[in-house]
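Chemist: Handing you this structure, nothing more for now.
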Amino acid sequence: MSRRGWAIDTTPLQNPAYRRLFWGVAATMLGQQMTLVAVPFQVYALTGDSLMVGVTSIVALVPLIVFGLLGGAIADSMDRRRLMLITSVGAAVTSALLALQALLPGEGNLAVLWVLTACVSGFAAVNQPTRSAAIPAIVGAAGVPAANALSMTVRQAGVIVGPLLAGVLIGAGELFLAYAIDALGFLAAALLLRGLPSLPPGRDAGPLRLGAAVRGVGEGFVFLRTQPVLLMTFVVDIIAMCFAWPQAVFPELSENRFADSPNALGWLFAGISIGALLMGLTSGWVSRVDRQGAVVLGAIAVWGVAIIGFGFAPTLWLAVLCLAVAGAGDMVSAVLRSSMLQLAAPEEMRGRMQGVFIVVVAGGPRLGDLRAGALASAASVTVAMVSGGVVVVLAMALVAVLVPTFWLFRASRAAV
Numbered sequence: 001m002s003r004r005g006w007a008i009d010t011t012p013l014q015n016p017a018y019r020r021l022f023w024g025v026a027a028t029m030l031g032q033q034m035t036l037v038a039v040p041f042q043v044y045a046l047t048g049d050s051l052m053v054g055v056t057s058i059v060a061l062v063p064l065i066v067f068g069l070l071g072g073a074i075a076d077s078m079d080r081r082r083l084m085l086i087t088s089v090g091a092a093v094t095s096a097l098l099a100l101q102a103l104l105p106g107e108g109n110l111a112v113l114w115v116l117t118a119c120v121s122g123f124a125a126v127n128q129p130t131r132s133a134a135i136p137a138i139v140g141a142a143g144v145p146a147a148n149a150l151s152m153t154v155r156q157a158g159v160i161v162g163p164l165l166a167g168v169l170i171g172a173g174e175l176f177l178a179y180a181i182d183a184l185g186f187l188a189a190a191l192l193l194r195g196l197p198s199l200p201p202g203r204d205a206g207p208l209r210l211g212a213a214v215r216g217v218g219e220g221f222v223f224l225r226t227q228p229v230l231l232m233t234f235v236v237d238i239i240a241m242c243f244a245w246p247q248a249v250f251p252e253l254s255e256n257r258f259a260d261s262p263n264a265l266g267w268l269f270a271g272i273s274i275g276a277l278l279m280g281l282t283s284g285w286v287s288r289v290d291r292q293g294a295v296v297l298g299a300i301a302v303w304g305v306a307i308i309g310f311g312f313a314p315t316l317w318l319a320v321l322c323l324a325v326a327g328a329g330d331m332v333s334a335v336l337r338s339s340m341l342q343l344a345a346p347e348e349m350r351g352r353m354q355g356v357f358i359v360v361v362a363g364g365p366r367l368g369d370l371r372a373g374a375l376a377s378a379a380s381v382t383v384a385m386v387s388g389g390v391v392v393v394l395a396m397a398l399v400a401v402l403v404p405t406f407w408l409f410r411a412s413r414a415a416v
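Numbering (the numbering used here), first residue to last: 1 to 416.
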């Protein structure tokens with residue numbers, strides 16, 4: 001295969017509307033990742049209590065789940081361009097308020113910080129499924145995998161660069177600036193989104209009503225129950241994250257097994273994103289995959305095998321390499337699972353399916369942290385990681401046998 005065939009497919013960027021969407025994602029990702037570092041830092045600075053940092057994660061997770069589901073239903077009932085504009089402006093205002101509260105006497109207020117964190121999470125939970133649901137209408141069915149690969153690659157770049165820049169600013173005493181950059185990013189995204197054409201859902205858009213949105217969530221789950229392929233896109237990711245998400249063991253490894261390695265904790269946290277970014281930059285082949293279901297199962301099996309290797313890794317460089325391989329597998333899985341959802345779900349259901357996708361992506365790693373942390377404490381890090389990786393590999397083999405419609409899924413036959 002030629003170098004051009006391996007390089008990330010940039011064809012969707014020839015579409016002016018997608019360019020606006022893409023650069024909107026790029027503008028927000030750096031600031032969002034900086035805020036994800038700044039908030040827990042500020043909470044710990046205010047309380048000196050790691051438990052309060054953990055509580056802050058729940059404060060952000062609850063609105064993400066609630067509004068992720070409701071947001072998907074709302075995206076299926078109103079113009080998606082308008083909804084993206086509303087949520088981007090709302091996030092910009094909230095991030096600006098986060099910057100202002102960092103200037104309060106005593107370096108902030110915990111209650112205000114929690115309220116604003118919940119608001120930012122809620123706006124993001126509506127914005128993300130809406131943006132994903134709009135992609136097929138903008139680039140067409142053939143361009144969906146490449147568009148997803150581009151968006152996810154720029155996200156991974158933000159995951160790597162954002163925390164590093166946040167660390168520099170926080171170390172220099174510029175917490176205000178870390179939040180302000182997030183606000184400016186959302187403002188830039190809103191300005192870009194203004195140039196999009198109208199993006200109506202696949203049905204008549206009426207006035208927004210909360211009751212209708214709640215009923216829409218229920219309708220989405222009823223629909224999902226009748227679609228084994230779509231249902232399995234969620235199930236396989238939950239299995240991968242619940243049984244083999246490794247972040248909970250990073251602090252223990254950095255203080256024990258890799259204590260002699262400089263910045264071990266930073267390298268461990270960066271490992272998955274490094275692999276995902278490299279895979280994104282060489283993902284040209286992913287956009288041409290037809291047997292998407294089979295490749296998803298293979299990619300998640302690679303994730304499982306890599307986590308097994310991570311559990312046994314005696315040196316930091318080998319551990320980071322295993323995490324990078326896992327991240328590459330997860331990147332392939334995420335691009336194709338999102339594409340399967342966008343292609344196999346009818347237009348009037350795409351927002352709700354993307355809402356469930358956001359909830360699964362956010363909730364799975366939290367459950368994985370709980371499992372890995374508990375098992376590592378009761379037994380060892382090696383037992384926690386190796387056992388989880390083995391479960392993931394075996395589970396993917398079972399899915400291939402028990403749900404042949406997922407294994408045989410072809411993108412060329414799924415466009416609706």
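Don't be surprised by glycine CBs; every beta carbon is placed ideally from N, CA and C.
The alpha helix (DSSP H) that contains Pro246, what's its start and end?
Modeler: Start at 1 with the first residue of the sequence shown, and residue 246 comes out as number 246. That residue, Pro246, is in no alpha helix (DSSP H); it is neither H nor E in DSSP.
Chemist: Is the CB-CB distance between Ile274 and Met396 below 8 Å?
Modeler: On the sequence shown, residue 274 is found 274 positions in, with the first residue counted as 1. On the sequence shown, residue 396 is found 396 positions in, with the first residue counted as 1. Against a cut-off of 8 Å, the Cβ pair of Met396 and Ile274 comes out as no contact.
Chemist: Any contact between the region 277-287 and the region 142-149? By contact I mean 3 or more CB pairs, one from each, below 8 Å.
Modeler: With a cut-off of 8 Å, the region 142-149 and the region 277-287 count as touching, because enough Cβ pairs lie within range.
Chemist: Below 7 Å CB to CB, which residues in the same chain sit around Ala205 once its five sequence neighbours on both sides are set aside?
Modeler: Numbered from its first residue, the sequence shown carries residue 205 at position 205. With a pLDDT of 48 at Ala205, under the threshold of 50, the predicted position of this residue should be treated as unreliable, and no value is reported.
Chemist: Just to confirm my understanding: we take Val422, look at its own chain, exclude 5 residues before and 5 after, and list those with CB closer than 8 Å. What are they?
Modeler: Only positions 1 to 416 of the chain appear in this structure, which leaves residue 422 out of reach.
Chemist: Report the CB separation of Trp317 from Val392 in whole angstroms; it is logged as a contact under 8 Å.
Modeler: Counted from its first residue, the sequence shown places residue 317 at position 317. Counted from its first residue, the sequence shown places residue 392 at position 392. Contact flag wrong, Cβ pair sits at about 24 Å.
Chemist: In angstroms, rounded to a whole number, what distance separates the CA positions of Pro136 and Ile307?
Modeler: Within the sequence shown, residue 136 is the residue found at index 136, counting from 1. Within the sequence shown, residue 307 is the residue found at index 307, counting from 1. Between Pro136 and Ile307, the C-alpha separation is close to 33 Å.
Chemist: Would you say the region 21-33 touches the region 184-204, given that touching needs at least three Cβ pairs under 8 Å?
Modeler: In short, these stretches touch, since the Cβ pair count reaches three.
Chemist: According to DSSP, is Gly388 part of a helix, a strand, or is it coil?
Modeler: Against the sequence shown, residue 388 aligns to sequence position 388. Note: Gly388 maps to helix in three-state DSSP.
Chemist: Beta-carbon within less than 8 Å of Ser333's beta-carbon, same chain only, minus the 5 sequence neighbours each way: which residues are those?
Modeler: By 1-based counting over the sequence shown, the position of residue 333 is 333. Correct list, in chain order: Val236, Asp237, Ala240, Val296, Ala299, Ile300 and Trp303.
Chemist: Relative to the C-alpha of Leu321, which residue among Gln101, Pro163 and Ala264 is closest?
Modeler: Taking the first residue of the sequence shown as 1, we reach residue 321 at position 321. Per the Cα distances, Ala264.
Chemist: Which value, in whole angstroms, describes the spacing of the CA atoms of Arg422 and Arg410?
Modeler: Within the shown structure, residues of the chain are numbered from 1 to 416, placing residue 422 beyond reach of any answer.
Chemist: Using a threshold of 7 Å, is the CB atom of Thr315 nearer than that to any non-hydrogen atom of the ligand ZN?
Modeler: The model on display carries no ligand, and the ligand ZN is accordingly not part of it.
Chemist: Let me make sure I understand the geometry here. Which of Asp182, Val159 and Met232 has the alpha-carbon closest to that of Leu402?
Modeler: In the sequence shown, counting from the first residue as 1, residue 402 sits at position 402. Selected option, being the one with the closest Cα: Met232.
Chemist: Mind checking whether Ala183 and Ser95 have CB atoms under 8 Å apart?
Modeler: Within the sequence shown, the letter at position 183 stands for residue 183. Within the sequence shown, the letter at position 95 stands for residue 95. A contact, by the Cβ cut-off of 8 Å.
Chemist: Where does Pro314 fall in DSSP's three states?
Modeler: Against the sequence shown, residue 314 aligns to sequence position 314. Three-state result, Pro314: coil.
Chemist: Please determine, among Met331, Pro251 and Leu61, the residue with the shortest C-alpha to C-alpha distance to Ala276.
Modeler: For the purposes of this step, residue 276 is taken as the residue at position 276 of the sequence shown. When each option's Cα is compared against that of Ala276, the closest is Met331.
Chemist: For a test of the three-state rule: what should DSSP assign to Ile8, helix, strand or coil?
Modeler: Numbered from its first residue, the sequence shown carries residue 8 at position 8. Note: Ile8 maps to coil in three-state DSSP.
Chemist: Going by DSSP in three states, Leu196 sits in which element: helix, strand or coil?
Modeler: Residue 196 sits at position 196 when you count from the first residue of the sequence shown. Coil at Leu196, not helix or strand.
Chemist: Taking just the CA atoms, how far does Pro251 sit from Ala180?
Modeler: Residue numbering aside, residue 180 sits at position 180 when the sequence shown is read from its first letter. Residue numbering aside, residue 251 sits at position 251 when the sequence shown is read from its first letter. Those two C-alpha atoms are separated by around 30 Å.
Chemist: Suppose you measure from the CA of Gly230 to the CA of Ala378; what does that come to, to the nearest Å?
Modeler: The sequence position of residue 230 within the sequence shown is 230, counting from 1. The sequence position of residue 378 within the sequence shown is 378, counting from 1. Per the sequence presented here, residue 230 reads as Leu, with Gly not at that position. One C-alpha to the other measures close to 36 Å.
Chemist: Within 10 angstroms of its Cβ, does Ala111 collect 16 or more other Cβ (buried), or is it exposed?
Modeler: For the purposes of this step, residue 111 is taken as the residue at position 111 of the sequence shown. The residue in question, Ala111, is exposed, as its Cβ has fewer than 16 Cβ neighbours within 10 Å.
Chemist: By how many angstroms is the C-alpha of Ser283 removed from the C-alpha of Ala178?
Modeler: The residue you call residue 178 lines up with position 178 of the sequence shown. The residue you call residue 283 lines up with position 283 of the sequence shown. Rounded to whole angstroms, Ala178 to Ser283 spans 31 Å at the Cα level.
Chemist: Hey, how far is the Cα of Gly417 from the Cα of Pro12?
Modeler: Only positions 1 to 416 of the chain appear in the structure, and residue 417 is not among them; the question remains open.
Chemist: Can you tell me which of Thr405, Phe223, Leu394 and Pro200 puts its alpha carbon nearest to the alpha carbon of Val74?
Modeler: Position 74 of the sequence shown, counted from the first residue, corresponds to residue 74. According to the sequence provided, residue 74 is Ile. The question's Val does not apply to it. It is Pro200.
Chemist: Determine the DSSP secondary structure at Asn252, reduced to helix, strand or coil.
Modeler: As a working mapping, residue 252 is identified with position 252 in the sequence shown. In the sequence as presented, Asn is not what sits at residue 252; that position holds Glu. Here Glu252 sits in helix by DSSP.
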